[in-house]
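Per the numbering used here, residue 176 is the first one in the sequence shown, and the count goes up by one each step.
Only one structure is covered here, and it is reproduced in the block below.
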Amino acid sequence: MLKQFIVLFLLCCLPACAGLGLGLDNRRVQNAFETSKARLEQKATAGQITWVQAAKETRDMDKHLAGRTDLDANWKYDQDDEEYHAYCIALAERLDRQQISFAEFNALRLERFNLIQARRQSLNYQR
């Protein structure tokens, strides 16, 4: 149901704004992504879905938004995104099996995100 709502919102509301020339920017798309991601994590915390499901749906949503250039032409899905999401899914498997705590899960995925960002900035600086 949530996935359908998100897709409906993204397909109907945001393109309509963009088509009107309202200057739809990355912040709006990013906020929609973060809100949807938070809802998935709330469902996982409540036990309604697994953490693996939440991580996979987050990855799929990221890919979907990257393909929607009418929403944000700057949103890309590349090997860094794939690396990050694969890592998060692997961590989520460990969290679902109770091999790590949520605090460890959250800290490790943030650490990986920061590592990827630093690597990306370093590569951009070298160019």
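Where a beta carbon is used, it is the ideal one built from N, C-alpha and C, also for glycine.
Just so you know, these numbers come straight off a predicted model, no measurement behind them.
Endpoints, alpha helix (DSSP H) assigned at threonine 210
Threonine 210 -> alpha helix (DSSP H) spans 201–220.
Assuming alanine 293 is part of the alpha helix (DSSP H), what are its boundary residues?
277–301
In chain order, what residues of the same chain have a beta carbon less than 8 Å from the beta carbon of lysine 251, not counting five sequence neighbours either side?
Ala241
So, leucine 283 versus leucine 266, is the Cβ gap smaller than 7 Å?
yes
Can you tell me the Cα-Cα spacing of asparagine 281 and arginine 302, whole angstroms?
32 Å
Given lysine 218, which residues of its chain have a CB within under 6 Å of its CB, disregarding the five upstream and five downstream residues?
Ile224.
For leucine 189, does the three-state DSSP call read helix, strand or coil?
Low confidence applies here, because leucine 189 scores a pLDDT of 46, under 50, leaving its location unreliable and the question unanswered by this model.
For phenylalanine 208, count neighbouring Cβ atoms within 10 angstroms of its own Cβ and tell me buried if that reaches 16, exposed if not.
buried
Are leucine 270 and valine 204 touching if we call contact CB-CB under 7 Å?
no
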